[in-house]
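Shown next, in structure tokens, is the structure this report addresses.
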Amino acid sequence: MPENAGPTAPGGPTAPPNRPDGPTVLPLHGQIDLLTAPALAARLDALTAHPSPDLVLDLRPTEFIDCTGLGVLCRARNRVLARRGRLRLVTDSTGFLRILRASGLSGVFEVHSRLPDAPPGTSGP
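Going by my numbering, the first residue of the sequence shown is number 63, and it counts up by one from there.
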């Protein structure tokens with residue numbers, strides 16, 4: 063079993079949005095599980111603390127997610143909705159989509175296969 067370094071993302075816990083008028087895009091690398099969930103939850107709490115957060119979680123580099131990781135995603139979704147924001151998951155993993163279906167979460171998240179386009183007049187990531 064590979065060492066669990068946890069999901070990594072650039073910047074600190076309060077990293078600014080990647081685009082001035084666009085969403086905060088957070089790529090998650092590695093594993094999201096019991097060991098890494100607390101750090102990720104803290105990061106997502108910081109990113110969803112302000113009104114109307116617009117957050118895109120790029121799960122394409124994620125190798126593994128367990129039920130604890132799903133719980134962290136659900137918490138982030140609830141925080142975003144409570145602040146009248148938007149949360150999108152980006153994944154091309156049929157395995158992850160199958161997990162969402164099996165857990166009854168397939169209709170809960172806004173899921174896309176690629177990152178959103180940059181707003182006019184801004185540069186992409």
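Each residue gets a CB set at the ideal place from its N, CA and C atoms; glycine is no exception.
>> Check for me: the beta strand (DSSP E) holding Val134 runs from which residue to which?
In response: Judged by DSSP secondary structure, Val134 falls outside any beta strand (DSSP E) and instead within the alpha helix (DSSP H) spanning 129 to 144.
>> Whole angstroms are fine: how far does the CA of Arg176 sit from the CA of Pro123?
In response: Annotation: Pro123 to Arg176 spans about 12 angstroms, alpha carbon to alpha carbon.
> Comparing alpha-carbon positions, which option in Leu97, Ile94, Ala138 lies nearest Ala147?
Replying inline: Inspection of the sequence shows that residue 147 is occupied by Gly rather than by Ala. With distances taken between Cα atoms, Gly147 lies closest to Ala138.
>> To the nearest angstrom, how far is the alpha carbon of Gly74 from that of Phe171?
In response: A caution first: Gly74 carries a pLDDT of 35, below 50, which makes its placement in the model unreliable, though a value can still be read off. Between the alpha carbons of Gly74 and Phe171 lies a distance of about 25 angstroms.
>> My output table needs one value for Leu159: the three-state DSSP class, helix, strand or coil.
In response: DSSP places Leu159 in helix when its eight states are reduced to three.
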